[in-house]
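J.: Sharing a structure, written as structure tokens. Questions coming.
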Amino acid sequence: MTTFFDQTQTVTVSRYCSQGWWKGNFTEHVVKGTGLGPDCTLTVYSPSRDGVTARFNTQTQVWSEEIDDATLTPFYGPDGEQYALDYPDGTFPDWAIFGAPPEHDRDTQTVLHSGEAWTVYDIKMGAPYWDADCRRHVVSETCFTLPADHTWEAPPNTEKGFCPVLKDGQWQVVEDYRGQTQFDKKDATVSKTVTEAGPLPRGWTLKAPATVFDVWKNNRWQYDQDKARPAKSLSERRWRDAVLAFLLQRLEQFERDLQVAEQYRTGTLTAADYEHLLADRKRLCDYPDAAGFPFADRPTLSAPGQALADKVV
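Numbered according to the numbering used here, the sequence shown terminates at residue 314, and the numbering increases by one at each position without gaps.
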């Protein structure tokens, strides 16, 4: 209900918003026969301290108890955007951050709150960067942190057999043997494929041994007879035994043929061939005892003996 003044005068009033919250105290000049506006009251409220406010009840014409004015407390989103509540008794959202973000250049930088602290980021949208495998990437995030083992610097061009390697954030040009086979200098039977760029590990080489019996000496592989002797001896004995078995079969066949009439003989050996094979038998039996065995030359056989030896793989 509006009260009209019976005389012109100046009065002190408290003004409030549509929700009743105090907006301040003012001096109003009212003319006789008029009244105050709907947002004013002669029941003046004066805050007891800074940062508090009250709410006017238009029905009872009484101010509420004071509360802290939440609209005076700015808060921020994780992206640094500042907000304020609409009403003094409003509730702050769960994501509200009350510490202001650090000063930064809004044209070239942005901020992000991790939940614990603010971080200032240089805006790198569209900028290229490279990983340790020289793959090129492009920044697609506003708040971007360069991952570990990545760099803003493009990898250098390299010659064949070399490649760039990222170490401590800097490119280094190193040897590139990836895909090739490396051999253990301590054991010619051990090898593996190179999988990482850079110098070969100590004790390894790309030079392939000619045999499993090679040893690394004077910066090269050398055939080691002592290492090869057991296997070589076994191999030569097996060869001798196989040739000797063929030879004995032919000798036995010739001797059986001598016991039957000539028209019933099946062998093709002549008496001279028989003599030659007997001599070859002796040479083969003596071979393991020859000087330099098993690395000496194999015994020289007669033509029929050599024909039998040629059958042995």
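Beta carbons: idealized from backbone N, C-alpha and C, even for Gly.
Could you give the distance in angstroms between the alpha-carbon of L309 and the alpha-carbon of Y275?
T.: Approximately 13 Å, taken between the alpha carbons.
J.: Can you list, in chain order, the residues of its chain whose CB lies under 7 Å from that of K24, leaving out five sequence neighbours each side?
T.: Taken in chain order, the residues that qualify are R16, Y17, C18.
J.: Does DSSP put Y17 in a helix, a strand or coil?
T.: Strand at Y17.
J.: Within this structure, are the beta carbons of V139 and G127 separated by less than 8 Å?
T.: In this structure, G127 lies closer than 8 Å to V139 by Cβ.
J.: Specify, as a first and last residue, the run of the alpha helix (DSSP H) that H277 falls within.
T.: Where H277 is concerned, the enclosing alpha helix (DSSP H) stretches over 272–287.
J.: How far does the alpha helix (DSSP H) with R56 in it reach, from first residue to last?
T.: Per DSSP, R56 belongs to no alpha helix (DSSP H) and is neither H nor E.
J.: If we count the other Cβ atoms within 10 Å of its Cβ and call it buried at 16 or more, is T11 buried or exposed?
T.: By the 10 Å Cβ count, T11 comes out exposed.
J.: Suppose you measure from the CA of T54 to the CA of D70; what does that come to, to the nearest Å?
T.: If I take the Cα positions, the gap works out to 6 Å.
J.: Just the Cα atoms here: how many angstroms apart are D169 and T159?
T.: The straight-line gap from Cα to Cα measures roughly 19 Å.
J.: Taking the beta strand (DSSP E) that Q181 falls in, what are its first and last residues?
T.: Premise fails: Q181 is in no beta strand (DSSP E) and is neither H nor E.
J.: Which first and last residues belong to the beta strand (DSSP E) in which P165 is found?
T.: First-last of the beta strand (DSSP E) with P165: 163–168.
J.: Looking only at its own chain, which residues have a Cβ that is under 8 Å from the Cβ of T206, when we skip the five neighbours before and after it?
T.: So the qualifying residues of the chain are Q183, F184, K186, W217.
J.: Candidates Q226, H105, L73: which alpha carbon is nearest D90's?
T.: The shortest Cα separation from D90 among Q226, H105, L73 belongs to L73.
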